[in-house]
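Structure first, then comments.
This is how it looks when you write it as structure tokens:
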């Protein structure tokens, strides 16, 4: 314990396992965040089974299925970009990340058309057409907008996150030896994907 | 010669975290510092300020209740006051409380680490805390009037009232995020950064309770986040979720709210229990009795505590089966809590007890927590709950647990670790004086509420029948004694940080845990070399042998 040693300064600390653990804990909180809404969904679905069935017919299954395919593909591309960086293929990794962002954008555009189509039919919170419907249908669309809306927010955050990763991959901050950030961004993106995997059948396929 | 080298010269060792000059200097060296110790102090300052605001609201409420009818404020103001008192005390003081201040400061030190796992996220959680706190204050000042829903934001009232509910909801949401980040940080830190040799069962007991708390923070808080968000969306866009006019079910809101808010009371109490387990062995000079029982009871409390939320709602019309299960689980929580109390008392038995201020606060904790805990079991009994639901009995109960428990635990921690944190000693004589003021004032303030509540005095009422007058009067007088104690304590702390007697010895209380083996105040990186742990955290041989000789044989 010598007291004359020079000041060490801020120590550099790197712990990839720790980072991943932190990310997983964060993903738990996200799952529980959506879990609250899935709980509400199941209670109301139980209470208003027929009306939910009726309301779900209003949703466009083809659009939903298309979006599901798009999001699943984007999950694959982000996973591949991690493999690419592990193998040191920097350019390939960047391209795969950009494809992921483009697919996410496609998802959002698709969602935009879906929502605006509903709005034209007066089906939006507080809309006259919607308020004229039964309680169960009002709740169905309330949950539909909130859950897909919050999911959409997560898609946007994910896109932003991956964009930052793309930049860092290009500058070399993320590289063959240090890619835990990209892995974590990938984990986040898989979460966005998996939540959609549950939203899709619950809203589109219960007709 | 840099400032750091100058400090080496005067100290004879590396500069303390208080003197350390990093990239930034002055105030920026604090608000941009990722040093867990500095962040702990930032929390201490901001928390204390909010605590004083909360105390002021509580004090004024009590003053209003000194006599029946209007005394100093109208009914609407009173509604806002109990809301703000609740929101500030719960979200800004007791929930962050011990983990944010003492957890941040001592968790890395106690496990032999240089910092938490994610120092920058740690700083970010402080910023979120401050933003949330300021929003809560803004909600008071903006036109529209302060929030008047109670801290529970029950629908449908919270959807319909015209006061500043949105800002308060947003504030609570951000504070929740801050709490999650602290929890996430602590779980990862405990898993990843324990010093070599620090196995799970060599961890100090406060780490066990902070660890259990951190898990509850991570797993329960998102539920309140989404619930408050849904209320906000419902207010803002008129989406039908909870509003009965749109087919929603307000009782579901209550379920979701308490799914978080009941575990939240364990977020509040568990760290205080950790502090008690830390202080008792030091001031009784005995190895803690039943280490593993105390450690596992923290986990058990976190576990059972997450499954009892509906006992807040026995009167809303639940199925008998539901009531029965929640009542049973509620009583089960009493078991791990009692295990802790018995082990603490057993540790004290035949120890050589040093009645310093930290131990006084701890003994008060045990006394007040026992009253609060046992009345909690009473409320878990279905038939009794129907009688006392929504009465001041409940108010008394949770103040005994939250203030008598967590509050006194917080004070105990402050008086225990103060010399280590600041390298100065507070006025110990004055500390004992205000301890008694706090203890006596506390009981005068809250005990009459048990009796009133039992006789039917509803909570949150602005006015009351003449027959309750003497109880309210005693309670209000108690609040004056308590506030006098709080003010003296704040004065003592404030004064001693700047002018208290300087402490340089490493181990002023004779503790055995790691924080007492490092410099006072700690150096920037806590340890010169990461320690290697070979012994259990509390080793007081002499008294233990005496105990064995006299008691066991």
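Protein chains in written order, with the numbering used here: chain A, 1415 to 1621; chain B, 416 to 968. Don't be surprised by glycine CBs; every beta carbon is placed ideally from N, CA and C.
**Item:** Backbone CA spacing between residue 633 (chain B) and residue 895 (chain B) [nearest angstrom]
**Value:** On the second chain, position 218 is the one that residue 633 (chain B) refers to. On the second chain, position 480 is the one that residue 895 (chain B) refers to. Looking at the two C-alpha atoms, the distance is approximately 38 Å.
**Whole-Å CB distance - residue 1594 (chain A) paired with residue 1430 (chain A), under 8 Å assumed** = Residue 1594 (chain A) sits at position 180 when you count from the first residue of the first chain. Residue 1430 (chain A) sits at position 16 when you count from the first residue of the first chain. Yes, residue 1594 (chain A) and residue 1430 (chain A) are in contact; Cβ-Cβ is about 4 Å, under 8 Å.
**Ordered list of alpha helix (DSSP H) runs contained in the stretch 450-485 of chain B, each at least 4 residues** = 451-479
**Asked** Distance, Cα to Cα, residue 1419 (chain A) vs residue 850 (chain B)?
**Response** The residue labelled residue 1419 (chain A) in the question sits at position 5 within the first chain. The residue labelled residue 850 (chain B) in the question sits at position 435 within the second chain. Low per-residue confidence applies at residue 1419 (chain A): pLDDT is 39, beneath 50, and the placement is therefore not dependable, though the value from the model is reported in the following sentence. Answer to the nearest angstrom: the Cα atoms are 43 Å apart.
**Asked** Comparing alpha-carbon positions, which option in A:1615, A:1532, A:1574, A:1577 lies nearest residue 1556 (chain A)?
**Response** Within the first chain, residue 1556 (chain A) is the residue found at index 142, counting from 1. If we check each option's Cα against that of residue 1556 (chain A), A:1532 comes out closest.
**Request:** Could you please tell me which residues of the stretch 1537-1554 of chain A, in chain order, have their CB closer than 7 Å to any CB of chain B?
**Result:** Result list: 1539, 1540, 1549, 1550, 1552, 1553.
**Request:** With residue 930 (chain B) as the anchor, note down where its alpha helix (DSSP H) starts and where it stops.
**Result:** Residue 930 (chain B) sits at position 515 when you count from the first residue of the second chain. Neither: residue 930 (chain B) is in no alpha helix (DSSP H) and is coded neither H nor E.
**Message:** Looking at chain A, is there any beta carbon in it that lies within less than 7 Å of the beta carbon of residue 558 (chain B)?
**Reply:** One-based indexing of the second chain puts residue 558 (chain B) at position 143. In terms of beta-carbon proximity, residue 558 (chain B) stays away from the interface with chain A, with every pair separated by 7 Å or more.
**Request:** Report yes if the C-beta distance between residue 1466 (chain A) and residue 1554 (chain A) is below 7 Å; otherwise report no.
**Result:** Residue 1466 (chain A) sits at position 52 when you count from the first residue of the first chain. Residue 1554 (chain A) sits at position 140 when you count from the first residue of the first chain. Judged by their CB atoms, residue 1466 (chain A) and residue 1554 (chain A) are nearer to each other than the 7 Å cut-off.
**Asked** How close, in whole Å, do the beta carbons of residue 1507 (chain A) and residue 1493 (chain A) come, if the pair is a contact with beta carbons under 8 Å?
**Response** The residue labelled residue 1507 (chain A) in the question sits at position 93 within the first chain. The residue labelled residue 1493 (chain A) in the question sits at position 79 within the first chain. Contact flag wrong, Cβ pair sits at about 11 Å.
**Request:** Could you check if residue 441 (chain B) is buried or exposed, using at least 16 other CB atoms within 10 Å of its CB as the buried criterion?
**Result:** As a first step, residue 441 (chain B) is located in the second chain; it is residue number 26 there, counting from the start. Result: exposed.
**Asked** Can you tell me whether residue 1536 (chain A) is buried or exposed, with buried defined as 16 or more other CB within 10 angstroms of its CB?
**Response** Taking the first chain and counting its residues from 1, the one referred to as residue 1536 (chain A) is at position 122. The residue in question, residue 1536 (chain A), is exposed, as its Cβ has fewer than 16 Cβ neighbours within 10 Å.
**Item:** residue 1615 (chain A) in three-state terms, based on DSSP
**Value:** The count along the first chain starts at 1 and reaches residue 1615 (chain A) at position 201. Residue 1615 (chain A): helix per DSSP, three-state reduction.
**Prompt:** Between B:718, B:701, B:626, which lies nearest to residue 674 (chain B) when the distance is taken from Cα to Cα?
**Reply:** Position 259 of the second chain holds residue 674 (chain B). Just measuring C-alpha positions, the residue of B:718, B:701, B:626 sitting nearest residue 674 (chain B) is B:718.
**Message:** Using a Cβ-Cβ distance cut-off of 7 Å, determine whether residue 700 (chain B) contacts chain A.
**Reply:** Taking the second chain and counting its residues from 1, the one referred to as residue 700 (chain B) is at position 285. No, residue 700 (chain B) does not count as interfacial toward chain A.
**Item:** Within chain A, partners of residue 857 (chain B) - CB distance below 9 Å
**Value:** Taking the first residue of the second chain as position 1, residue 857 (chain B) is located at position 442. Result: empty, since nearest Cβ-Cβ is about 36 Å, beyond 9 Å.
**Request:** Assign residue 1583 (chain A) to buried or exposed, taking buried as 16 or more other Cβ atoms, counted over all protein chains shown, within 10 Å of its Cβ.
**Result:** Translated into the one-based positions of the first chain, residue 1583 (chain A) becomes position 169. Its Cβ being crowded by 16 or more others within 10 Å, residue 1583 (chain A) is buried.
**Message:** If you reduce the DSSP assignment to three classes, tell me which class residue 702 (chain B) lands in.
**Reply:** On the second chain, residue 702 (chain B) is found 287 positions in, with the first residue counted as 1. Residue 702 (chain B) falls in the coil class under three-state DSSP.
**Message:** On a Cα-Cα basis, can you pick out the residue from B:945, B:691, B:603, B:938 that is closest to residue 423 (chain B)?
**Reply:** Counted from its first residue, the second chain places residue 423 (chain B) at position 8. Nearest to residue 423 (chain B) by C-alpha distance, out of B:945, B:691, B:603, B:938, is B:938.
**Request:** Measure from the C-beta of residue 1591 (chain A) to each C-beta in chain B and report whether the shortest distance is under 7 Å.
**Result:** Here residue 1591 (chain A) refers to the residue found at position 177 of the first chain. With 7 Å as the cut-off, residue 1591 (chain A) does not count as an interface residue toward chain B.
**Request:** Drop a sphere of 10 angstroms on the beta-carbon of residue 917 (chain B), count the other beta-carbons inside from all chains shown, and report buried for 16 or more, exposed for fewer.
**Result:** Here residue 917 (chain B) is taken as the residue at index 502 of the second chain, counted from 1. Burial call: exposed.
**Message:** Strictly under 7 Å for the Cβ-Cβ distance: is residue 533 (chain B) near chain A by that measure?
**Reply:** As a working note, residue 533 (chain B) is residue 118 in the second chain. Yes, because at least one Cβ of chain A sits closer than 7 Å to the Cβ of residue 533 (chain B).
**Message:** In this structure, how does DSSP classify residue 618 (chain B) when only helix, strand and coil are distinguished?
**Reply:** Along the second chain, read from residue 1 onward, the residue named residue 618 (chain B) stands at position 203. Three-state result, residue 618 (chain B): coil.
**Item:** Counted within 10 angstroms of its Cβ, other Cβ atoms place residue 372 (chain B) as buried (16 or more) or exposed
**Value:** Beyond the ends of chain B as shown, which are 416 and 968, falls residue 372 (chain B); an answer cannot be given.
**Message:** Taking a contact to mean a Cβ-Cβ separation below 7 Å, would you say residue 631 (chain B) touches residue 706 (chain B) in this structure?
**Reply:** The residue you call residue 631 (chain B) lines up with position 216 of the second chain. The residue you call residue 706 (chain B) lines up with position 291 of the second chain. Going by C-beta atoms, residue 631 (chain B) is not nearer than 7 Å to residue 706 (chain B).
**Asked** Residues of chain A with CB under 7 Å from residue 736 (chain B), in chain order?
**Response** Here residue 736 (chain B) is taken as the residue at index 321 of the second chain, counted from 1. Here the premise fails: no neighbours, minimum Cβ distance about 17 Å.
**Request:** With a cut-off of 8 Å on the beta carbons, I'd call residue 648 (chain B) and residue 1560 (chain A) a contact; round off their distance for me.
**Result:** If you number the second chain from 1, residue 648 (chain B) lands on position 233. If you number the first chain from 1, residue 1560 (chain A) lands on position 146. Residue 648 (chain B) to residue 1560 (chain A), Cβ: 6 Å. Contact.
**Prompt:** How about residue 1434 (chain A): is its C-beta nearer than 7 Å to some C-beta of chain B?
**Reply:** Taking the first chain and counting its residues from 1, the one referred to as residue 1434 (chain A) is at position 20. It does not: the Cβ of residue 1434 (chain A) has no partner Cβ on chain B nearer than 7 Å.
**Asked** Ordered along the chain, which non-local residues of its own chain (more than five positions away) have a Cβ less than 7 Å from that of residue 573 (chain B)?
**Response** As a working mapping, residue 573 (chain B) is identified with position 158 in the second chain. Result list for residue 573 (chain B): 564, 580, 646, in chain order.
**Continuous alpha helix (DSSP H) stretch holding residue 1464 (chain A): start and end** = As a position in the first chain, residue 1464 (chain A) is number 50, starting the count at 1. 1463-1470 is the span of the alpha helix (DSSP H), which, as asked, contains residue 1464 (chain A).
**Message:** Can you check whether the C-beta of residue 1443 (chain A) is within less than 7 Å of a C-beta belonging to chain B?
**Reply:** For the purposes of this step, residue 1443 (chain A) is taken as the residue at position 29 of the first chain. Judged by the 7 Å Cβ criterion, residue 1443 (chain A) is in contact with chain B.
**Request:** Compute the Euclidean distance between the alpha carbons of residue 824 (chain B) and residue 1616 (chain A), then round it to the nearest angstrom.
**Result:** Within the second chain, the letter at position 409 stands for residue 824 (chain B). Within the first chain, the letter at position 202 stands for residue 1616 (chain A). Going from the Cα of residue 824 (chain B) to the Cα of residue 1616 (chain A) covers about 47 Å.
**Asked** Mind checking if residue 638 (chain B) is an interface residue toward chain A, Cβ cutoff 7 Å exclusive?
**Response** Stepping through the second chain from its first residue, residue 638 (chain B) is reached at position 223. For residue 638 (chain B), the answer is yes, since a Cβ of chain A falls inside 7 Å of its Cβ.
**Request:** Rounded to whole angstroms, what's the CA-CA distance from residue 786 (chain B) to residue 815 (chain B)? Just pull it up for me.
**Result:** Translated into positions along the second chain, residue 786 (chain B) becomes position 371. Translated into positions along the second chain, residue 815 (chain B) becomes position 400. Each residue's Cα considered, the two are about 7 Å apart.
**Item:** Distance, residue 929 (chain B) Cα to residue 635 (chain B) Cα
**Value:** In the second chain, residue 635 (chain B) corresponds to position 220, counting from 1. In the second chain, residue 929 (chain B) corresponds to position 514, counting from 1. Each residue's Cα considered, the two are about 31 Å apart.
**Request:** State yes or no: is the C-beta of residue 597 (chain B) within less than 7 Å of the C-beta of residue 540 (chain B)?
**Result:** Locating residue 597 (chain B) in the second chain gives position 182, where the first residue counts as 1. Locating residue 540 (chain B) in the second chain gives position 125, where the first residue counts as 1. Result yes, Cβ atoms of residue 597 (chain B) and residue 540 (chain B) sit closer than 7 Å.
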